[in-house]
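Presented below is the structure to which this report refers.
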Amino acid sequence: MMDEFDFMLSEDQIDLRNVVRDWSQNKVMPACQKAEIDGNVPDELVREAFDMGLHLVTIPEEYGGLGMSNLTHAILREEVGRADGGFASRVFGFGWEPFEMTGTEEQKHMVADALIPGGIIGYALTEETGSDAVNMKTTAKKVGNQYVINGTKTFISNADSAEFFVLFAFTDKEKGPKGMTAFLLPKDAPGLTRGLPENKMGNRCVHVCSLFLDDVVLDEKYRLGEEGQGYSLSMNILHRSRPCAAAVAVGIAEQALQEAIKYAKERVVFGRPIWQHEGIGFLLADMDMRVQQARQLVWAACKSLDAGIVNKKLSSEAKCAASDAAMFCAENAVQVMGGSGYMREYPVEKLMRDAKIYQIFEGTNQIQRLIVSGQLCR
Ligand SMILES: Cc1cc2nc3c(=O)[nH]c(=O)nc-3n(C[C@H](O)[C@H](O)[C@H](O)COP(=O)(O)OP(=O)(O)OC[C@H]3O[C@@H](n4cnc5c(N)ncnc54)[C@H](O)[C@@H]3O)c2cc1C
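If you're matching positions, the sequence shown starts at 1 in my numbering and goes up one per residue.
And the structure:
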């Protein structure tokens with residue numbers, strides 16, 4: 001299987017992409033279409049993803065991971081995302097960025113050892129205050145060599161399946177952003193409970209729940225970085241993780257485009273296939289351009305990270321462009337398919353529901369535009 005931009009990739013990347021594409025299209029997509037109602041994807045499918053090592057792509061080899069580049073990670077996420085966005089979150093989980101940035105050797109080994117047999121990381125920042133994370137309420141009170149943590153995190157992806165969470169809490173609320181600290185929270189910490197999975201519009205193959213922390217006691221060795229570094233860490237993690245999350249949105253956009261092309265070639269009205277009606281043909285051309293632009297931004301942002309350059313403008317642009325492209329393509333795929341596009345027996349209404357979340361999480365697209373404009377005008 002060759003793609004238009006394969007000249008930009010290595011042979012290994014193309015081979016790996018093709019294996020993951022084949023598996024995603026033939027196994028993940030049909031299984032996730034069936035699992036849509038309750039979001040309970042078959043355990044065997046998750047196991048297959050872990051056996052392929054998808055959850056280990058960014059963990060360095062010295063800790064037992066696959067140590068792949070951000071670009072390779074994005075290419076694989078796009079393929080799984082093409083088949084099902086929620087499943088991509090379920091099996092890739094959150095990345096290695098927090099540990100790469102501040103993890104001690106002990107923490108890195110502890111996390112990697114827990115993930116290698118088959119496990120993922122969750123990211124627990126959001127609370128009722130949403131985008132205004134500086135006003136969150138969760139506190140971590142230091143008592144001797146331990147922290148006692150209380151609060152509620154909302155909308156946490158993989159809350160019911162992650163081995164660890166990267167958690168943010170105030171060790172000193174008076175200091176504002178400089179009083180926030182990051183922790184590594186094990187899934188079975190006493191005092192940690194979960195809400196029921198939220199009933200979401202789309203991306204149903206990953207569960208999202210609240211986390212309730214009631215006097216959770218964590219030893220100092222679970223603190224990530226120094227006290228007070230949590231807020232800047234939370235933002236810097238997201239600048240690094242957004243391009244690979246955006247790759248899933250590129251996958252959704254690509255799949256919507258392909259479904260629209262297939263239908264537009266088959267469906268005949270007014271005596272010709274609908275793609276030959278200019279209004280539809282031009283729409284397909286516009287969809288393709290949006291996919292290509294988004295993919296190139298995602299790849300550029302990944303290559304920047306691979307070169308050791310954290311370019312937050314580029315990361316936010318990639319996230320914003322990819323998720324807007326996913327929504328544009330999914331919505332227009334429904335339009336191209338007319339009444340059939342609106343029906344559940346066709347795949348595009350699901351893509352439209354799935355696409356929406358990529359404009360909201362990992363920082364909404366308004367927040368991304370704030371970052372981009374702030375960088376442009378600083
Ligand atoms: C399915 C799902 C999965 C999620 N997974 C996770 C997860 O794993 N971990 C985690 O920590 N969080 C997660 N989230 C939370 C997500 O990141 C937040 O929903 C998001 O950051 C927005 O917060 P909010 O929903 O409270 O919206 P709000 O912050 O209340 O925003 C409402 C609207 O106002 C806009 N707005 C807010 N501030 C500004 C501003 N300054 N300028 C312009 N517009 C603004 C927003 O863009 C949005 O359109 C998830 C959410 C969902 C729905």
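C-beta atoms are modelled at their ideal positions from N, C-alpha and C, and glycine is treated no differently. In this text, all values refer to a predicted model and were calculated from it rather than measured experimentally.
Is the CB-CB distance between residue i and residue j below 8 Å?
{"i": "Pro347", "j": "Glu259", "result": "yes"}
{"i": "His73", "j": "Val91", "result": "no"}
{"i": "Phe164", "j": "Ala140", "result": "no"}
{"i": "Val166", "j": "Phe94", "result": "yes"}
{"i": "Gln229", "j": "Ala300", "result": "no"}
{"i": "Glu127", "j": "Lys108", "result": "no"}
{"i": "Val291", "j": "Ala325", "result": "yes"}
{"i": "Asn70", "j": "Cys302", "result": "yes"}
{"i": "Ile428", "j": "Cys205", "result": "A question about residue 428 goes unanswered here, because the residues of the chain that appear run from 1 up to 378."}
{"i": "Val392", "j": "Leu54", "result": "Examination of residue 392 is not possible in this model, given that the chain is present from 1 through 378 alone."}
{"i": "Gln13", "j": "Ile75", "result": "yes"}
Give the DSSP bridge partners of residue i, in chain order.
{"i": "Phe170", "result": "Thr139, Met180"}
{"i": "Gly122", "result": "Phe165"}
{"i": "Val216", "result": "Ile149"}
Taking only heavy atoms of ligand 1 into account, decide whether any of them is closer than 7 Å to the Cβ of residue i.
{"i": "Ile75", "result": "no"}
{"i": "Gln366", "result": "yes"}
{"i": "Tyr123", "result": "yes"}
{"i": "Gly81", "result": "no"}
{"i": "Thr126", "result": "yes"}
{"i": "Val208", "result": "yes"}
{"i": "Glu362", "result": "yes"}
{"i": "Gly144", "result": "no"}
{"i": "Gly130", "result": "yes"}
{"i": "Ser157", "result": "yes"}
{"i": "Lys173", "result": "no"}
{"i": "Asn199", "result": "no"}
With a 10 Å radius around its C-beta and 16 neighbouring C-beta atoms as the bar for buried, classify residue i as buried or exposed.
{"i": "Ile371", "result": "buried"}
{"i": "Thr317", "result": "At residue 317 the sequence reads Glu, which differs from the Thr that was named. Under this definition Glu317 is a buried residue."}
{"i": "Thr102", "result": "buried"}
{"i": "Ser241", "result": "buried"}
{"i": "Asn158", "result": "buried"}
{"i": "Ser373", "result": "exposed"}
{"i": "Leu376", "result": "exposed"}
{"i": "Gln276", "result": "exposed"}
{"i": "Asn199", "result": "exposed"}
{"i": "Ala294", "result": "buried"}
{"i": "Tyr342", "result": "exposed"}
{"i": "Arg344", "result": "exposed"}
{"i": "Ala247", "result": "buried"}
{"i": "Gln366", "result": "exposed"}
{"i": "Ala285", "result": "exposed"}
{"i": "Asp354", "result": "buried"}
Taking Cβ positions only, does residue i come closer than 8 Å to chain C?
{"i": "Leu370", "result": "Chain labels in this structure do not include chain C; a single protein chain is all it has."}
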